[in-house]
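Peer 1: This is the structure, below, for whatever I ask next.
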Ligand SMILES: Cc1cc2nc3c(=O)[nH]c(=O)nc-3n(C[C@H](O)[C@H](O)[C@H](O)COP(=O)(O)O)c2cc1C
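Numbering (our numbering), first residue to last: 1124 to 1528.
This is the structure we're talking about:
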């Protein structure tokens, strides 16, 4: 078998048949209404992705509680039974095109702003996130943690009722579950902090709750292989977390890395998209436009650029996890060519490759790979998409804002 044909085999995750080894990694679309229900534009996007040959689609993150809602507009929400019919329509439309649909469920914790949620931000420990806000989050009480566990379980029940093929717990990128797992953000000395077992407890209770409530409904998890934060995840912790997930009944684990506070380390790129930062980031958007040229020259001196390498930066962590577990492993991060994706699978780093930015510029890229029309994504990693979602729905900006902005 040639290296690239391996990508087009049918494989399974927790009983879900997946037509090939390419997965659309969760990508916030900003295409939900004020209640968090998916808009028509989201259905159109997913139908395009499904027709374009993707093996499975993971949705953008969906909030399990209003308190954990993103400050980016148009976030999906799954906190209320009343949302189920709208999601049922979305899932039916995607299934008609033959692609499985997985709902990513999340709580932002301290990575949001109280102006967006209308309530104070919460976290395992009262430590401010330097990117998201000036606010010091409220330390969660035992009761607050229980409420969040219950909200994740209820979210999985709603996802099943709406016809999703499974859910994915967002445990990466510095969101609430990652805040519990990382020693950098979790300084608790009770049973929710300290040892890795304690830091993982919130996840194990969510998993147990979901298993009790919806049986063997597929639950995937997206985790950080490393988080790059001082005092954060230690080498080997991702492997232990993946093992604990497997024991808890997780169906597959996706390996990513980084936190938003570190700059563009999750979705790396050759340079900071200063024009987009000054247009959309809440810290700069109110600064008069005349100061933008000078600010765009100065800011790169203070804001960290992407770490190197820009491609395949989670492969080593994925390989370490894959050697330790028997559930499928998905790897994401700068794997934008058919060759790189095939190598990741053939070399044994992962069973699946997921991509985010390539599907923004070309939703049909998997068919184009399969038909030999293209061997690499046209994405230049300009990261305007990443920054502009703070203001507008997802799209490819191709490295510049329209004139007149
Ligand atoms: C615009 C944008 C939105 C994203 N939203 C999410 C999200 O909702 N949940 C998530 O787990 N990752 C999110 N990510 C991260 C991607 O899933 C992926 O991990 C990262 O972009 C690296 O993969 P890539 O090089 O294929 O883009 C987002 C990335 C981008 C560019």
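The beta carbon of each residue, even a glycine, is placed where N, CA and C say it ideally should be.
#1: I need the straight-line Cα distance from residue 1171 to residue 1321, nearest angstrom please.
#2: Rounded to whole angstroms, what's the CA-CA distance from residue 1124 to residue 1132? Just pull it up for me.
#3: Do the stretch 1232 to 1251 and the stretch 1184 to 1202 meet, that is, are 3 or more Cβ pairs less than 8 Å apart?
#4: Please work out which residues of its chain come closer than 6 Å, Cβ to Cβ, to residue 1333, disregarding the five sequence neighbours upstream and downstream, and give them in chain order.
#5: Give the straight-line distance between the Cα atoms of residue 1268 and residue 1306, rounded to the nearest whole angstrom.
#6: Tell me, please, which residues DSSP counts as bridged to residue 1475.
#7: In terms of residue numbering, what span does the alpha helix (DSSP H) encompassing residue 1421 cover?
#8: How many angstroms separate the CA atom of residue 1435 from the CA atom of residue 1456?
#9: In chain order, which continuous runs of the beta strand (DSSP E) of length 3 or greater are located wholly inside the stretch 1278 to 1356?
#10: Less than 8 Å between the beta carbons of residue 1143 and residue 1489, yes or no?
#11: What distance in whole Å lies between the Cβ atoms of residue 1304 and residue 1356, which are believed to be in contact at a cut-off of 8 Å?
#12: Ordered along the chain, which non-local residues of its own chain (more than five positions away) have a Cβ less than 6 Å from that of residue 1150?
#13: Could you spell out the range, first to last residue, of the beta strand (DSSP E) harbouring residue 1379?
#14: Have a look at the DSSP bridge pairing and note the partners of residue 1460.
#15: So residue 1522 packs on residue 1505, CB below 8 Å; how close in whole Å?
#16: So residue 1274 packs on residue 1202, CB below 8 Å; how close in whole Å?
#17: Near residue 1253, which residues of its chain fall below 6 Å by C-beta distance, leaving aside the five closest residues on each side in sequence?
#18: To test your reading of the DSSP string, which unbroken beta strand (DSSP E) runs of 3 or more residues are found completely within the stretch 1188 to 1255?
#19: Only counting the same chain, and skipping five residues up and downstream in sequence, which positions put a Cβ closer than 6 Å to that of residue 1348?
#20: Please name the residue or residues paired with residue 1186 in a DSSP beta bridge.
#21: For the 8 Å Cβ check, are there 3 or more pairs between the stretch 1407 to 1427 and the stretch 1472 to 1486?
#22: Give a yes or no on whether the C-beta atoms belonging to residue 1289 and residue 1210 are separated by under 8 Å.
#23: Using alpha carbons as the reference points, say which of 1198, 1475, 1406, 1460 lies closest to residue 1229.
#24: Closest Cβ-Cβ distance between residue 1328 and chain B: below 8 Å?
#25: May I ask which residues mark the beginning and end of the alpha helix (DSSP H) holding residue 1443?
#26: How about residue 1345: is its Cβ closer than 7 Å to a heavy atom in ligand 1?
#27: Assuming contact is defined by CB atoms lying nearer than 8 Å, are residue 1499 and residue 1366 in contact in what I supplied?
#28: Which residues bound the alpha helix (DSSP H) around residue 1174?
#29: Does at least one heavy atom of ligand 1 sit under 7 Å from the Cβ of residue 1151?
#30: Please classify residue 1136: does DSSP put it in a helix, a strand, or coil?
#31: Have a look at residue 1376 and residue 1345 and give me their C-alpha separation to the nearest angstrom.
#32: Have a look at the DSSP bridge pairing and note the partners of residue 1128.
#33: Check whether the Cβ of residue 1184 sits closer than 7 Å to any heavy atom of ligand 1, and report yes or no.
#34: So what's residue 1146 in DSSP terms, helix, strand or just coil?
#35: Would you list the one or two residues that DSSP bridges to residue 1515?
Peer 2: For this structure:
#1: 42 Å
#2: Reliability of the predicted coordinates at residue 1124 is poor, the pLDDT of 49 falling under 50, and no value is obtained from them.
#3: yes
#4: 1276, 1279, 1342
#5: 17 Å
#6: 1453
#7: 1415 to 1421
#8: 6 Å
#9: 1289 to 1294, 1342 to 1347
#10: yes
#11: 7 Å
#12: 1183, 1479
#13: 1375 to 1379
#14: 1499
#15: 4 Å
#16: 7 Å
#17: 1384
#18: 1224 to 1229
#19: 1361, 1378, 1380, 1437, 1440
#20: 1200, 1229
#21: no
#22: no
#23: 1198
#24: Protein chains in the displayed structure number just one, and chain B is not present.
#25: 1438 to 1447
#26: yes
#27: no
#28: 1163 to 1174
#29: yes
#30: strand
#31: 6 Å
#32: DSSP lists no partner for residue 1128.
#33: yes
#34: strand
#35: Answer is none; residue 1515 lacks a bridge partner.
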